[in-house]
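Okay, so here's the structure we're looking at.
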Amino acid sequence: MENRILFGLLMLGEGDLARNYILFCLVASFGVLQFVAGRYGWRGMMLLSAHLSRQLGLALMALAYLWFFAIQPDLFIPGLAGGELLTFSLLAFMLAFLLALLAGFISIRLLQRPRVRRPPKREWVQVGKGRAEWWLPRGAPTIYVLALREIGTDTLDVLAGELVARSAAVLLCESRWSDAALAVFRERCAQFPETARAAVGLGTGGDRVLAGDMVQNPPLSLCARLALAPYGAAVNRHRGLHWLRETDYVSAWQATRGKWSASEAVSGNALIVYGDEDGLISVAEARARFPQAIFVAGARHFDLAAHPPVQRLACELFGLPVAVGVAAHVPCKERP
Amino acid sequence: MNPDVALFHWFNQFAGQSVWLDWLVRALVNDYAVPTLFAFVIGGLWFAGASQAVREANQRGVLYALLGLLLANLVVKVNWMLYFRPRPFAIEEEVKLLFYRPAVSSFPSEPVATLIALATGVWLYNRRVGWGLLALTIAFALARVIAGVHYPSDVLGGAAIGFLATGVLYRYVKILDRLVALVIHTGRQVNLA
Chain Y
1 MENRILFGLL MLGEGDLARN YILFCLVASF GVLQFVAGRY GWRGMMLLSA
51 HLSRQLGLAL MALAYLWFFA IQPDLFIPGL AGGELLTFSL LAFMLAFLLA
101 LLAGFISIRL LQRPRVRRPP KREWVQVGKG RAEWWLPRGA PTIYVLALRE
151 IGTDTLDVLA GELVARSAAV LLCESRWSDA ALAVFRERCA QFPETARAAV
201 GLGTGGDRVL AGDMVQNPPL SLCARLALAP YGAAVNRHRG LHWLRETDYV
251 SAWQATRGKW SASEAVSGNA LIVYGDEDGL ISVAEARARF PQAIFVAGAR
301 HFDLAAHPPV QRLACELFGL PVAVGVAAHV PCKERP
Chain E
1001 MNPDVALFHW FNQFAGQSVW LDWLVRALVN DYAVPTLFAF VIGGLWFAGA
1051 SQAVREANQR GVLYALLGLL LANLVVKVNW MLYFRPRPFA IEEEVKLLFY
1101 RPAVSSFPSE PVATLIALAT GVWLYNRRVG WGLLALTIAF ALARVIAGVH
1151 YPSDVLGGAA IGFLATGVLY RYVKILDRLV ALVIHTGRQV NLA
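As they're listed, the protein sequences go chains Y and E.
Taking my numbering, I'd label the letters of the first sequence as residues 1 to 336.
Taking my numbering, I'd label the letters of the second sequence as residues 1001 to 1193.
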């Protein structure tokens, strides 16, 4: 007997045909998406690595076809019509796409999340509509560092944790609250005028670190500034699917919704670092904009701060020991 | 004998001759294998492309494919309202049938029109994938004739409708270009294109 739904517009066919067809489309669509994600590097849709995702995708597509045609013996009697086929396959594809985004989220946020060293002490400070955190070391800090995260992400925390483990005090916040955070930073630094100060930022935070007004009005003496993967030009931050090369969909959404403006020309003593596998800014664009930039092999955009070479660079720049527990060799001095 | 009927019988003679050919024809001709594969390819094509330019081309292809599919289906349905052609198994003698007996008009072939419309849309912007889909559609169309479901002219007519539907939309309906651009732009705003 025919089963119909949606005011009789859609037919469900005999037995479990509709259910099995939807399941078939769901599994095969997920397989297609995993294959395409692996082929073109959409980390925000991949459950596994690129190579394994391609293989998983092909396997799922093959299994889906084999399963459906094995268990559905009545494919040569009238079944679902064109309208039903289109509707069910569309629904299944949309669901498979949501599952792929979820897979990317789980993979990036849970399975591949780099370990962050938690600081011995933390203080929360309201900065405008946002919140900043002071990460404080045991004992007196040897340097104060303002760390500005990319909007919507917290991957800079890895570097912050390493700096704190080496006796730095870090004020960590999202770059969109940088003005308010800078005021808090100045206030703390004013209490300890002899202690060195520095700034580091990732992405939009890097652009903010490079901005000339960072050290003006009133003047703020920073011994060093480290800009990780600054965008430099607004065109590099436009919205689009390319964000899924670097991060999950939720982070991409948050990052592209935050207010941001392109940085001014580099001023003063800033060191600029990019990953040579940055999915948002090409190496050619970065070199054209900042010829003096350093490129770290194998690093992407958001995980740049977690790369050991970048952590070493930061420690050397800020006069911190490269290894934890060792006394600083050279205090941070202003770069020429 | 009508050349169309003669050609139909020539193709249909291969049905029932070989277990493997019958299996292949049934695998191609059913409503689930090839059309669903097209859906998967087109869905995946939306996300394919190493650069934004290539991706946008693929996405344009997908959108024109879907628009062509809608128009092709409309034309086929109107055709059916105006003219009914009996299926080969309904009127020809000694037809070997490897499929169920559809009740709708034999001309034009709606599945072929649909698949050709999709393949043409993709082909306009991605020749490699487009040729692959066209080759698959040709195999599907041949299977339909061999299986005894269509006359050769039915699938040719369906192919012409599908090709023209997408081609006309692409070439002459310029406002669709803006619609396609708007859809892609909207997709980019939500990081999905």
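For glycine and all other residues, C-beta sits at the position ideal for the given N, C-alpha and C.
None of these values were measured; they are calculated from a predicted model.
Between which two residues does the alpha helix (DSSP H) harbouring R122/Y extend? Counted from its first residue, the first sequence places residue 122/Y at position 122. Here R122/Y belongs to no alpha helix (DSSP H); instead the beta strand (DSSP E) covers 121-127.
Close beta carbons around V1075/E, own chain, < 7 Å, minus the five adjacent residues each side: Taking the first residue of the second sequence as position 1, residue 1075/E is located at position 75. Hits under 7 Å: I1161, A1165.
Can you find a C-beta in chain E that's less than 8 Å from the C-beta of Y249/Y? Reading the first sequence from its first residue, position 249 is the one you call residue 249/Y. Yes, because at least one Cβ of chain E sits closer than 8 Å to the Cβ of Y249/Y.
CB contact check: Y40/Y to chain E, cutoff 8 Å: Counted from its first residue, the first sequence places residue 40/Y at position 40. So yes, Y40/Y belongs to the interface.
Sub-8 Å separation of M45/Y and L33/Y beta-carbons: Walking along the first sequence from the start, residue 45/Y turns up at place 45. Walking along the first sequence from the start, residue 33/Y turns up at place 33. Cβ atoms of M45/Y and L33/Y: closer than 8 Å.
Segment contact, 8 Å Cβ cut-off, at least three pairs: the region 42-56 of chain Y with the region 91-105 of chain Y: yes
Residues bridged to G201/Y by DSSP? Reading the first sequence from its first residue, position 201 is the one you call residue 201/Y. Partner(s): L148/Y, A227/Y.
With 8 Å as the threshold, decide whether the Cβ of V27/Y is near any Cβ in chain E. Locating residue 27/Y in the first sequence gives position 27, where the first residue counts as 1. False, the Cβ-Cβ gap to chain E never drops below 8 Å.
Any C-beta of chain E sitting closer than 8 Å to the C-beta of L33/Y? By one-based count along the first sequence, residue 33/Y stands at place 33. Chain E contact via Cβ: present.
Cβ of A1193/E less than 8 Å from any chain Y Cβ? As a first step, residue 1193/E is located in the second sequence; it is residue number 193 there, counting from the start. Chain Y, which has a Cβ nearer than 8 Å to the Cβ of A1193/E, makes this yes.
Compare the beta carbon distance of V170/Y and A183/Y with 8 Å and say whether it is the shorter of the two. Looking up residue 170/Y in the first sequence gives position 170. Looking up residue 183/Y in the first sequence gives position 183. Result no, Cβ atoms of V170/Y and A183/Y do not sit closer than 8 Å.
Is I1146/E helix, strand or coil when you go by DSSP? One-based indexing of the second sequence puts residue 1146/E at position 146. If DSSP states are grouped into helix, strand and coil, I1146/E belongs with the helices.
Hey, out of V200/Y, V158/Y, V164/Y, A168/Y, whose CA is closest to S178/Y's CA? For the purposes of this step, residue 178/Y is identified with residue 178 of the first sequence, where counting begins at 1. Selected option, being the one with the closest Cα: V200/Y.
Who are the neighbours of P78/Y on chain E, taking C-beta pairs under 7 Å? Sequence index remark: in the first sequence, residue 78/Y carries index 78 (1-based). What P78/Y touches in chain E: Y1100.
Collapsed DSSP secondary structure at Y274/Y in the structure displayed: Residue mapping note: residue 274/Y aligns to position 274 of the first sequence, counting from 1. If DSSP states are grouped into helix, strand and coil, Y274/Y belongs with the strands.
I'd like the span of the alpha helix (DSSP H) that includes L86/Y, first residue to last. Reading the first sequence from its first residue, position 86 is the one you call residue 86/Y. Note, L86/Y: alpha helix (DSSP H), 82-106.
On the DSSP letters alone, give me the boundaries of the alpha helix (DSSP H) that R131/Y sits inside. Taking the first sequence and counting its residues from 1, the one referred to as residue 131/Y is at position 131. Not the alpha helix (DSSP H): R131/Y falls in the beta strand (DSSP E), residues 130-136.
Applying a beta-carbon distance threshold of less than 8 Å, which residues of chain Y neighbour P1086/E? The residue given as residue 1086/E occupies position 86 in the second sequence. Result: empty, since nearest Cβ-Cβ is about 17 Å, beyond 8 Å.
Under 8 Å Cβ to Cβ from L1169/E, same chain only, skipping five residues before and after it: list those, please. Residue mapping note: residue 1169/E aligns to position 169 of the second sequence, counting from 1. Answer for L1169/E: Y1064, L1067, G1068, L1071, L1176, listed in chain order.
C-beta neighbour in chain Y for R1144/E, strict 8 Å: To locate residue 1144/E, count along the second sequence from 1; it is residue 144. Answer no: the Cβ-Cβ gap between R1144/E and chain Y never drops below 8 Å.
Do V1155/E and R1060/E have their beta-carbon atoms positioned less than 8 Å apart in this structure? Here residue 1060/E is taken as the residue at index 60 of the second sequence, counted from 1. Here residue 1155/E is taken as the residue at index 155 of the second sequence, counted from 1. Not a contact, by the Cβ cut-off of 8 Å.
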